[in-house]
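Scroll down for the structure; my scribbles are underneath it.
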Amino acid sequence: MTESNYNYAFIAGRDPRNDRPAAPKPPASELDTLVEAIAVMANWRRRGPYQCSVLYQANGRLQQFELQVWPGVQSYYCVNKETGIVDSYDAETGVYISGNERREREPNQFMTEPLAARLAFPMSLNVWGHPSSGFRMIGASRQGDEILVRLQHQIDPHLFGCVTVDTQECRVIRLDTPMDTCRYEDIMPIGG
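554 is the number of the first residue of the sequence shown in our numbering; add one for each residue after it.
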(Lines of atoms letter the chains of each structure in order from A; the text may use other names.)
(Lines give C-alpha, C1' and ligand atoms only; values in the text may rest on other atoms or scores of the structure.)
Protein backbone atom coordinates (compact mmCIF):
# COMPACT_ATOMS: atom_id res chain seq x y z
CA MET A 554 0.00 0.00 0.00
CA THR A 555 1.37 3.41 -0.89
CA GLU A 556 1.66 6.29 1.56
CA SER A 557 -1.09 8.19 -0.28
CA ASN A 558 -3.55 5.33 0.33
CA TYR A 559 -2.53 4.87 3.95
CA ASN A 560 -4.74 7.59 5.46
CA TYR A 561 -7.85 6.45 3.63
CA ALA A 562 -7.46 2.90 4.81
CA PHE A 563 -7.05 3.97 8.42
CA ILE A 564 -10.13 6.21 8.27
CA ALA A 565 -12.12 3.23 7.10
CA GLY A 566 -11.31 1.53 10.41
CA ARG A 567 -8.30 -0.53 9.37
CA ASP A 568 -4.67 0.05 10.16
CA PRO A 569 -2.93 -0.90 6.88
CA ARG A 570 0.32 -1.63 8.73
CA ASN A 571 -1.14 -4.79 10.24
CA ASP A 572 -4.66 -4.99 8.73
CA ARG A 573 -6.37 -5.23 12.12
CA PRO A 574 -9.47 -3.28 13.14
CA ALA A 575 -8.76 -0.02 14.93
CA ALA A 576 -8.95 -0.13 18.73
CA PRO A 577 -12.46 0.41 20.10
CA LYS A 578 -13.18 3.72 21.81
CA PRO A 579 -13.37 3.52 25.61
CA PRO A 580 -16.81 4.07 27.14
CA ALA A 581 -17.68 7.71 27.70
CA SER A 582 -17.11 9.06 31.19
CA GLU A 583 -19.78 11.00 33.04
CA LEU A 584 -17.91 14.19 32.20
CA ASP A 585 -17.81 13.24 28.49
CA THR A 586 -21.56 12.64 28.59
CA LEU A 587 -22.23 15.98 30.30
CA VAL A 588 -20.03 17.81 27.79
CA GLU A 589 -21.92 16.16 24.91
CA ALA A 590 -25.25 17.32 26.37
CA ILE A 591 -23.94 20.86 26.88
CA ALA A 592 -22.67 20.90 23.28
CA VAL A 593 -26.13 19.98 22.00
CA MET A 594 -27.75 22.62 24.22
CA ALA A 595 -25.29 25.34 23.19
CA ASN A 596 -25.75 24.53 19.50
CA TRP A 597 -29.53 25.07 19.53
CA ARG A 598 -29.57 27.63 16.69
CA ARG A 599 -28.39 25.03 14.19
CA ARG A 600 -31.61 22.98 14.45
CA GLY A 601 -34.16 23.18 11.70
CA PRO A 602 -37.65 24.54 12.33
CA TYR A 603 -40.05 22.18 14.09
CA GLN A 604 -43.43 21.94 15.75
CA CYS A 605 -44.54 19.94 18.76
CA SER A 606 -47.06 19.51 21.53
CA VAL A 607 -45.98 20.76 24.93
CA LEU A 608 -47.08 19.53 28.34
CA TYR A 609 -46.26 22.01 31.07
CA GLN A 610 -47.08 21.47 34.73
CA ALA A 611 -46.54 23.90 37.59
CA ASN A 612 -48.24 24.16 40.97
CA GLY A 613 -50.23 21.00 40.24
CA ARG A 614 -51.81 22.54 37.13
CA LEU A 615 -51.29 20.90 33.75
CA GLN A 616 -51.36 23.05 30.61
CA GLN A 617 -51.04 21.97 26.99
CA PHE A 618 -49.59 24.04 24.18
CA GLU A 619 -48.90 23.81 20.47
CA LEU A 620 -45.48 25.21 19.62
CA GLN A 621 -43.74 26.13 16.39
CA VAL A 622 -40.06 27.06 16.58
CA TRP A 623 -37.57 28.49 14.10
CA PRO A 624 -34.31 28.22 16.07
CA GLY A 625 -32.06 29.65 13.34
CA VAL A 626 -33.87 32.99 13.52
CA GLN A 627 -34.79 32.82 17.24
CA SER A 628 -38.53 32.85 16.56
CA TYR A 629 -41.46 30.92 18.03
CA TYR A 630 -45.26 30.75 18.04
CA CYS A 631 -46.89 29.18 21.12
CA VAL A 632 -50.63 28.69 21.68
CA ASN A 633 -52.26 27.53 24.91
CA LYS A 634 -54.66 24.78 23.77
CA GLU A 635 -57.15 25.50 26.56
CA THR A 636 -57.32 29.30 26.43
CA GLY A 637 -56.12 30.08 22.91
CA ILE A 638 -53.69 32.65 24.33
CA VAL A 639 -50.76 33.29 21.99
CA ASP A 640 -47.17 34.07 22.87
CA SER A 641 -44.82 34.61 19.95
CA TYR A 642 -41.73 36.36 18.76
CA ASP A 643 -40.65 36.96 15.19
CA ALA A 644 -37.02 38.07 15.27
CA GLU A 645 -37.07 39.12 11.62
CA THR A 646 -39.90 41.64 12.11
CA GLY A 647 -39.33 42.32 15.82
CA VAL A 648 -42.99 41.59 16.62
CA TYR A 649 -43.32 40.28 20.17
CA ILE A 650 -46.68 39.06 21.49
CA SER A 651 -47.16 38.04 25.12
CA GLY A 652 -50.55 36.96 26.43
CA ASN A 653 -52.22 37.97 23.13
CA GLU A 654 -50.87 41.53 23.48
CA ARG A 655 -48.25 43.13 21.29
CA ARG A 656 -45.44 44.42 23.50
CA GLU A 657 -42.13 46.16 23.16
CA ARG A 658 -39.11 43.93 23.51
CA GLU A 659 -35.87 45.44 24.71
CA PRO A 660 -32.91 44.54 22.47
CA ASN A 661 -31.05 42.70 25.26
CA GLN A 662 -34.10 41.40 27.09
CA PHE A 663 -33.46 37.95 28.55
CA MET A 664 -36.00 35.10 28.52
CA THR A 665 -38.93 36.62 26.66
CA GLU A 666 -40.18 33.21 25.59
CA PRO A 667 -42.89 31.58 27.69
CA LEU A 668 -41.88 28.63 29.85
CA ALA A 669 -43.55 26.23 27.40
CA ALA A 670 -41.22 27.41 24.63
CA ARG A 671 -38.05 27.62 26.70
CA LEU A 672 -36.75 24.10 25.94
CA ALA A 673 -36.33 25.24 22.34
CA PHE A 674 -33.99 27.97 23.61
CA PRO A 675 -31.85 26.06 26.14
CA MET A 676 -29.55 28.98 26.88
CA SER A 677 -32.60 30.57 28.57
CA LEU A 678 -33.12 27.60 30.87
CA ASN A 679 -32.51 28.18 34.55
CA VAL A 680 -29.83 25.46 34.70
CA TRP A 681 -26.48 27.07 33.87
CA GLY A 682 -25.22 27.73 37.39
CA HIS A 683 -24.68 31.47 37.00
CA PRO A 684 -25.88 33.76 39.82
CA SER A 685 -29.35 34.28 38.33
CA SER A 686 -29.90 30.55 37.70
CA GLY A 687 -31.84 28.44 40.13
CA PHE A 688 -30.00 25.23 39.23
CA ARG A 689 -26.59 24.01 38.20
CA MET A 690 -25.56 20.88 36.31
CA ILE A 691 -23.93 18.23 38.50
CA GLY A 692 -23.65 15.18 36.24
CA ALA A 693 -25.12 13.24 33.35
CA SER A 694 -25.93 9.71 32.27
CA ARG A 695 -26.96 8.18 28.97
CA GLN A 696 -30.14 6.20 28.38
CA GLY A 697 -30.20 5.11 24.74
CA ASP A 698 -30.36 8.22 22.55
CA GLU A 699 -31.04 10.49 25.52
CA ILE A 700 -28.75 12.15 28.01
CA LEU A 701 -30.19 12.91 31.43
CA VAL A 702 -28.45 15.92 32.94
CA ARG A 703 -28.79 16.01 36.73
CA LEU A 704 -29.45 19.39 38.31
CA GLN A 705 -29.05 20.68 41.85
CA HIS A 706 -30.67 23.84 43.22
CA GLN A 707 -28.09 26.49 44.05
CA ILE A 708 -29.71 27.79 47.24
CA ASP A 709 -31.34 24.60 48.55
CA PRO A 710 -28.97 21.71 47.73
CA HIS A 711 -31.68 19.21 48.71
CA LEU A 712 -33.67 20.09 45.57
CA PHE A 713 -32.79 18.25 42.37
CA GLY A 714 -33.98 18.26 38.78
CA CYS A 715 -33.18 16.87 35.37
CA VAL A 716 -32.86 18.07 31.77
CA THR A 717 -33.34 15.46 29.04
CA VAL A 718 -31.37 15.95 25.81
CA ASP A 719 -32.23 13.90 22.70
CA THR A 720 -28.87 13.28 21.02
CA GLN A 721 -30.41 11.95 17.79
CA GLU A 722 -32.54 15.05 17.21
CA CYS A 723 -30.04 17.34 18.96
CA ARG A 724 -32.53 19.15 21.15
CA VAL A 725 -33.74 19.45 24.73
CA ILE A 726 -37.02 17.58 25.12
CA ARG A 727 -37.77 17.70 28.85
CA LEU A 728 -37.14 19.66 32.04
CA ASP A 729 -38.13 18.34 35.46
CA THR A 730 -37.68 20.34 38.67
CA PRO A 731 -39.61 20.32 41.96
CA MET A 732 -41.31 23.52 40.77
CA ASP A 733 -42.31 22.59 37.22
CA THR A 734 -42.14 20.06 34.42
CA CYS A 735 -42.05 20.74 30.70
CA ARG A 736 -42.05 18.03 28.02
CA TYR A 737 -42.05 18.18 24.21
CA GLU A 738 -43.96 15.46 22.37
CA ASP A 739 -44.86 14.64 18.77
CA ILE A 740 -41.94 16.67 17.41
CA MET A 741 -42.11 17.13 13.62
CA PRO A 742 -40.08 19.25 11.23
CA ILE A 743 -41.76 22.28 9.65
CA GLY A 744 -41.65 22.43 5.89
CA GLY A 745 -39.36 19.51 5.48
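The C-beta atom is built at its ideal place from N, Cα and C for all residues, glycine as well. None of the values given here were measured: they were computed from a predicted structure.
| Item | Value |
| --- | --- |
| Using the C-alpha atoms, what's the distance from R656 back to I726? | 28 Å |
| DSSP three-state label for G613, please. | coil |
| Run through DSSP, which three-state label would I691 get? | strand |
| Expressed to the nearest angstrom, what Euclidean distance is found between the alpha-carbon atoms of V622 and A673? | 7 Å |
| When the distance is taken between beta carbons, is P624 closer than 8 Å to I743? | no |
| Considering just the uninterrupted stretch of the beta strand (DSSP E) at M741, what are its terminal residues? | 733-742 |
| Can you confirm whether the stretch 705-721 touches the stretch 634-642 when touching is taken to mean that 3 or more C-beta pairs between the two stretches lie within less than 8 Å? | no |
| Pair every Cβ in the stretch 714-726 with every Cβ in the stretch 607-619, then say whether three or more of these pairs are closer than 8 Å. | no |
| Below 8 Å on the Cβ atoms is my guess for Y642 versus Y629; work out the distance and round it to an integer in Å. | 6 Å |
| Since G625 sits in a beta bridge, which residues does DSSP pair it with? | DSSP, once it has assigned bridges, lists no residue as partnering G625. |
| For G714, list the residues DSSP reports as bridge partners. | L704 |
| For I650, report the span of its beta strand (DSSP E) as first-last. | 648-651 |
| Evaluate A611 with the Cβ neighbour count: other Cβ atoms within 10 Å of its Cβ, from every protein chain shown; 16 or more gives buried, anything less gives exposed. | exposed |
| Tell me L620's beta-bridge partners as DSSP assigns them. | C605, C631 |
| Does T730 pass the burial test, meaning 16 or more other C-beta atoms within 10 Å, or should it be called exposed? | buried |
| Just to confirm before moving on: does the CB-CB distance between A590 and V702 stay below 8 Å? | yes |
| Count the other CB atoms, across all protein chains shown, that sit within 10 Å of the CB of V626; report buried if there are 16 or more and exposed otherwise. | exposed |
| Look at the Cβ atom of A693, then the Cβ atom of C735, and state whether they are nearer than 8 Å. | no |
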